[in-house]
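Visitor: So for the sequence shown, the UniProt record's numbering puts the first residue at 29; every next one is plus one.
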Amino acid sequence: KTILITGASGFVAAHVLHVFLEAGYKVRGTVRSEESAEAVKKSHSQYGEQLSFAIVPDITAQGAFDEAVKNVDGVVHTASPFVMEVKDNNQDLLAPAVKGTTNILKSLHEKNTRVKRLVLTSSFAAMIDIPKGLRPDHTYTEDDWNPVEKDEARSTENGAVAYCASKTFAERAAYEFVEAAQPKLCVTTLCPPMIYGPNLHTVTDIKKLNTSSADIYRLINGSEKSVPDTSFPAFVDVRDVALAHLRAYESEVAGNQRYFLASSTFTYQQVCDIIRENFPELRNRVPEGTPNAPLPDMFKVDHSKAERDLDIHFRSLKDTIVDTVKNLLELEKQL
Ligand code: NDP
29 KTILITGASG FVAAHVLHVF LEAGYKVRGT VRSEESAEAV KKSHSQYGEQ
79 LSFAIVPDIT AQGAFDEAVK NVDGVVHTAS PFVMEVKDNN QDLLAPAVKG
129 TTNILKSLHE KNTRVKRLVL TSSFAAMIDI PKGLRPDHTY TEDDWNPVEK
179 DEARSTENGA VAYCASKTFA ERAAYEFVEA AQPKLCVTTL CPPMIYGPNL
229 HTVTDIKKLN TSSADIYRLI NGSEKSVPDT SFPAFVDVRD VALAHLRAYE
279 SEVAGNQRYF LASSTFTYQQ VCDIIRENFP ELRNRVPEGT PNAPLPDMFK
329 VDHSKAERDL DIHFRSLKDT IVDTVKNLLE LEKQL
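1) So A82 is in the beta strand (DSSP E); what residue range does that whole segment cover?
2) Starting from H105, trace the alpha helix (DSSP H) in both directions and tell me its first and last residue.
3) State the start and end residues of the unbroken alpha helix (DSSP H) segment that holds Y75.
4) Is D265 buried or exposed, if buried means 16 or more other CB atoms sit within 10 Å of its CB?
5) Answer yes or no: the CB of A190 versus the heavy atoms of the ligand NDP, is any distance below 7 angstroms?
6) Taking C-alpha atoms, which residue in R60, N312, D347 and H46 lies nearest to F263?
7) Any contact between the stretch 49 to 64 and the stretch 295 to 305? By contact I mean 3 or more CB pairs, one from each, below 8 angstroms.
8) Cβ-heavy atom distance between F110 and the ligand NDP below 7 angstroms?
9) Hey, would you say the C-beta of N238 is under 7 angstroms away from at least one heavy atom of the ligand NDP?
10) Going along the chain, which residues of its own chain have a beta-carbon closer than 6 angstroms to the beta-carbon of M112, five neighbours each way excluded?
11) Report yes or no: do the stretch 215 to 233 and the stretch 35 to 44 share at least 3 C-beta pairs separated by less than 8 angstroms?
12) For T106, which option in S151, V143, G76 and G91 has the closest C-alpha, if you only look at C-alpha atoms?
13) Between which residues of its own chain and P109 is the CB-CB distance below 6 angstroms, once the five residues before and five after are set aside?
14) Distance check for L79 and K70, CA to CA, integer angstroms please.
15) Identify which residue in E280, G35, I31 and E66 has its Cα closest to the Cα of E50.
16) Which of helix, strand or coil does DSSP assign to T258?
17) For C214, write down the residues that DSSP places opposite it in a beta bridge.
18) I'd like to confirm something about A295: is its beta-carbon nearer than 7 angstroms to some heavy atom of the ligand NDP, or not?
19) Could you check where the alpha helix (DSSP H) with F110 kicks off and where it finishes?
20) Less than 8 angstroms between the beta carbons of P159 and M326, yes or no?
21) Kindly confirm or deny that the stretch 167 to 177 and the stretch 133 to 148 touch, where touching means at least three C-beta pairs closer than 8 angstroms.
22) Measuring from the CB of R60, is there a heavy atom of the ligand NDP at a distance below 7 angstroms?
23) Under three-state DSSP, which class holds Y287?
24) Taking just the CA atoms, how far does P256 sit from L162?
25) Return no unless some Cβ of chain C is closer than 8 angstroms to the Cβ of S254.
26) Report buried or exposed for S194, applying the criterion of at least 16 other Cβ atoms within 10 angstroms of its Cβ.
27) Less than 8 angstroms separating the beta-carbons of A282 and L213?
28) Distance, Cα to Cα, L323 vs P261?
29) Evaluate H72 with the Cβ neighbour count: other Cβ atoms within 10 Å of its Cβ, from every protein chain shown; 16 or more gives buried, anything less gives exposed.
See below:
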């Protein structure tokens, strides 16, 4: 069987590719350029012909995925900008997120009805109610939707709000498409919060890490003098996210279901504590803050649905951060 994985060059996609290839699937990855395809071939060289590519230069163009979807059996759509600093919210975030999603669904509906499942990498960004803050009395579950409105999404100067809106509207668009077009396929949407873990993709510049890896790297590269505020205080390991994509594709019960993939809540103080404890050589680079400070009163996360349906046993913050930092130090040495 062949699985189409969009955005194959990304941090998350590298792990998604890995689990599908390891499970014996053929994978066709979409990338924006030949150069990008070469980088993915390099990071996944052990799979040879099992991995092929389709170049989709612009996911917002009409019929963008018409060629790429031909003869595949399943689709995982990860391609979407995860950036917080943009010039134009619509062009740089909202359009690629939403049109990328509807375009792939349209191509499948019109060109390949063999596909019965599309797994969409959505986000906790599509669940969180930002203005409500830490919400100590709330438990986030799959029932939560980010209430952001289109006008605010287009005009806000807060990049995080615009990014969260792009994920919200993209996920909503997927369910709306299914409702309206009644295609032959089911969608499964996955909502991970901050995703940490080792980089498996080709990284060529330590200053150009993906957003969530950079979020940890800044804590060990000496650039933060004090422990920053934790803006999105929930995390998950990238390896658990990848496995969830495979299980979401394979599981009968996961059709038209949404899954919240949060391991737990966390703070950057905890991350700094873990790093200082496990990497004593980094102590002069990592802000100390108030070691072992209790977690502030904040929302809870309920991952029981993913645990039950997808059989995911979420890695702990300590395991994730230790492996992330080991990998970042290796990259620092190599680059
Ligand atoms: P990366 O930046 O590493 O990867 C993003 C991928 O999407 C790349 O393949 C990139 O291609 C592609 N992409 C970005 N913008 C466009 C565009 N305008 N047109 C076509 N392709 C585009 O980020 P992640 O791996 O972290 O993100 C992957 C997915 O996971 C995204 O959907 C993101 O929203 C989601 N996610 C990530 C979280 C995290 O903490 N990392 C948390 C929750 C969800 P190219 O290499 O060509 O730029």
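Using N, Cα and C, we set each Cβ at its ideal position, and we do this for glycine too.
Guide: Reading from the atomic positions:
1) Locating residue 82 in the sequence shown gives position 54, where the first residue counts as 1. A82 -> beta strand (DSSP E) spans L79 to I83.
2) As a first step, residue 105 is located in the sequence shown; it is residue number 77 there, counting from the start. Per DSSP, H105 belongs to no alpha helix (DSSP H); it is in the beta strand (DSSP E), G102 to H105.
3) Taking the sequence shown and counting its residues from 1, the one referred to as residue 75 is at position 47. That residue, Y75, is in no alpha helix (DSSP H); it is neither H nor E in DSSP.
4) Stepping through the sequence shown from its first residue, residue 265 is reached at position 237. D265 should be labelled buried.
5) To locate residue 190, count along the sequence shown from 1; it is residue 162. For the ligand NDP, not one heavy atom lies less than 7 angstroms from the Cβ of A190.
6) Position 235 of the sequence shown, counting from 1, holds the residue named residue 263. Answer by Cα proximity: D347.
7) The stretch 49 to 64 is not in contact with the stretch 295 to 305.
8) Within the sequence shown, numbered from 1, the residue matching residue 110 stands at position 82. Yes - the ligand NDP has a heavy atom lying nearer than 7 angstroms to the Cβ of F110.
9) As a first step, residue 238 must be located in the sequence shown, where it is residue number 210. Within the cutoff, so yes.
10) Locating residue 112 in the sequence shown gives position 84, counting from the first residue. Once the five neighbours on either side are set aside, the close Cβ partners of M112 are G187, A188 and Y191.
11) Yes, the stretch 215 to 233 is in contact with the stretch 35 to 44.
12) Position 78 of the sequence shown, counted from the start, is the residue given in the question as residue 106. If we check each option's Cα against that of T106, S151 comes out closest.
13) The residue labelled residue 109 in the question sits at position 81 within the sequence shown. Around P109: L121 and P124.
14) Counting from 1 along the sequence shown, the entry for residue 70 is found at position 42. Counting from 1 along the sequence shown, the entry for residue 79 is found at position 51. Straight-line Cα distance between these residues: approximately 11 angstroms.
15) Sequence index remark: in the sequence shown, residue 50 carries index 22 (1-based). It is I31.
16) Against the sequence shown, residue 258 aligns to sequence position 230. Coil, per DSSP.
17) The residue you call residue 214 lines up with position 186 of the sequence shown. In the DSSP output, where bridge partners are listed per residue, C214 has R145.
18) Indexing the sequence shown from 1 puts residue 295 at position 267. What sits at residue 295 in the sequence shown is Thr, not Ala. False, no ligand heavy atom lies under 7 angstroms from that Cβ.
19) For the purposes of this step, residue 110 is identified with residue 82 of the sequence shown, where counting begins at 1. Where F110 is concerned, there is no enclosing alpha helix (DSSP H), given that its DSSP letter is neither H nor E.
20) The residue you call residue 159 lines up with position 131 of the sequence shown. The residue you call residue 326 lines up with position 298 of the sequence shown. Not closer than 8 angstroms, so no.
21) no
22) As a working note, residue 60 is residue 32 in the sequence shown. Checking every heavy atom of the ligand NDP against the Cβ of R60, one is found closer than 7 angstroms.
23) To locate residue 287, count along the sequence shown from 1; it is residue 259. In this structure, Y287 counts as strand in the three-state DSSP scheme.
24) By one-based count along the sequence shown, residue 162 stands at place 134. By one-based count along the sequence shown, residue 256 stands at place 228. Near 16 angstroms, if we compare the C-alpha coordinates of P256 and L162.
25) Judged by its chain identifiers, the structure shown contains no chain C, having just a single protein chain.
26) In the sequence shown, counting from the first residue as 1, residue 194 sits at position 166. With 16 or more other Cβ atoms within 10 Å, it is buried.
27) Numbered from 1 along the sequence shown, position 254 holds the residue referred to as residue 282. Numbered from 1 along the sequence shown, position 185 holds the residue referred to as residue 213. Cβ atoms of A282 and L213: not closer than 8 angstroms.
28) Translated into positions along the sequence shown, residue 323 becomes position 295. Translated into positions along the sequence shown, residue 261 becomes position 233. For L323 and P261, the distance between alpha carbons rounds to 10 angstroms.
29) Taking the sequence shown and counting its residues from 1, one reaches residue 72 at position 44. With 16 or more Cβ atoms within 10 Å of its Cβ, H72 is classed as buried.
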